[in-house]
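Number 256 marks the last residue of the sequence shown (the numbering used here); no jumps.
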Amino acid sequence: MCGRFVLATPPEELARLFDATAHDLTIASIGPSWNVPPTASILAVTANASGARSIGTYRWGLIPPWAKDLSFGANTINARSESMATKPSFRSAFRSKRCIIPADGYYEWKTTAGEVKQPYYFTRTDGRPIAMAGLWERYLQIDPTDNSEHEVYSCAIVTTEANQEVAAIHTRMPAILEPGDAWGRWLDSGFRDEEELLAMCAPAVAGTLIPRRVSSRVNSVRNNSAELIDELLDRPSLF
């Protein structure tokens with residue numbers, strides 16, 4: 018799974034990378050974070066019917082329209098690629114509400130001797146932001162004080178089986194979309210070729226990501242600084 022990540026690249030820079038429009042409100046509302054937790058506001062790239070892309074804020078943890086309340090999203094931060102086409106929480110979004118969730122890197126934990134969970138930070142070997150496949154939904158929240166409706170946009174990160182490098186630490190990894198046609202097809206709500214969409218969520222090719230062992234300070238969401246991604250120098254073998 019992917020349960021914590023880093024989003025420090027400015028929204029305007031990400032907008033240029035994805036050829037998307039970022040509104041001033043989005044740019045002002047998202048600051049750098051080195052420890053993004055579930056239910057936080059994050060950025061996602063979407064496209065309209067004409068293909069124009071925009072980057073906006075979404076609550077991390079997908080909330081389908083039929084959910085009772087926002088707490089539903091705490092259990093839907095990830096959508097497994099193997100079941101998202103059929104699982105009730107994700108199948109509608111998979112058909113027509115796909116997005117790209119950018120991240121500078123993400124954390125994963127490896128269980129070591131003594132059942133201690135050691136965090137690792139994964140980044141792209143080429144230094145670019147990671148374009149994670151995602152799904153989004155629109156939920157109408159009712160204000161009980163006046164019965165007014167408020168739109169809540171939420172999203173989930175698509176995960177897939179780990180490739181050989183990541184599997185040394187965890188069995189799952191985000192589905193990573195490479196620049197080019199894959200971005201356009203994934204964002205195209207009219208593109209419905211399920212077989213091709215699922216193939217796009219295959220494990221990343223070897224060499225795409227590189228891990229480094231980091232401090233257990235990342236375990237607490239109260240800690241949020243650039244030092245969290247510094248590598249621990251006494252790095253043990255992964256195998």
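We treat Cβ as the ideally placed atom computed from N, Cα and C, and that holds for glycine. Just so you know, these numbers come straight off a predicted model, no measurement behind them.
Item	Value
Counted within 10 angstroms of its Cβ, other Cβ atoms place Pro-82 as buried (16 or more) or exposed	exposed
Endpoints, alpha helix (DSSP H) assigned at Arg-33	28-34
Straight-line gap, Gly-122 to Ser-165 (C-alpha atoms, nearest Å)	38 Å
Completely contained beta strand (DSSP E) runs for the segment 38-105, where each covers 3 or more residues	50-53, 58-64, 70-77 and 95-97
Secondary structure, beta strand (DSSP E): runs of 3+ residues fully inside the segment 127-185	133-141, 147-160 and 165-178
Alpha-carbon spacing of Arg-76 relative to Thr-176, whole angstroms	18 Å
Simplified DSSP state of Glu-125, which is helix, strand or coil	strand
For Arg-21, three-class secondary structure by DSSP	coil
Start-end ranges of the alpha helix (DSSP H) lying completely within the segment 193-253, minimum 4 residues	198-204 and 211-216
Run of the alpha helix (DSSP H) containing Phe-107, from where it starts to where it stops	Counting along the chain, Phe-107 falls outside any alpha helix (DSSP H), and DSSP gives it neither H nor E.
Inter-stretch contact (C-beta, 8 Å, three-pair minimum) for the segment 167-182 and the segment 219-238	yes
Nearest neighbour of Glu-212, chosen from Ile-118, Pro-146 and Arg-112 [CA to CA]	Arg-112
Top-ranked residue by Cα proximity to Ala-185, from Val-169, Tyr-137, Ser-58 and Thr-142	Tyr-137
For Val-235 and His-167, the rounded distance between their alpha carbons	33 Å
Contact belief for Ala-32 with Thr-38 at Cβ below 8 Å, rounded distance in angstroms	7 Å
Rounded separation between Phe-208 and Glu-99 - CA only	19 Å
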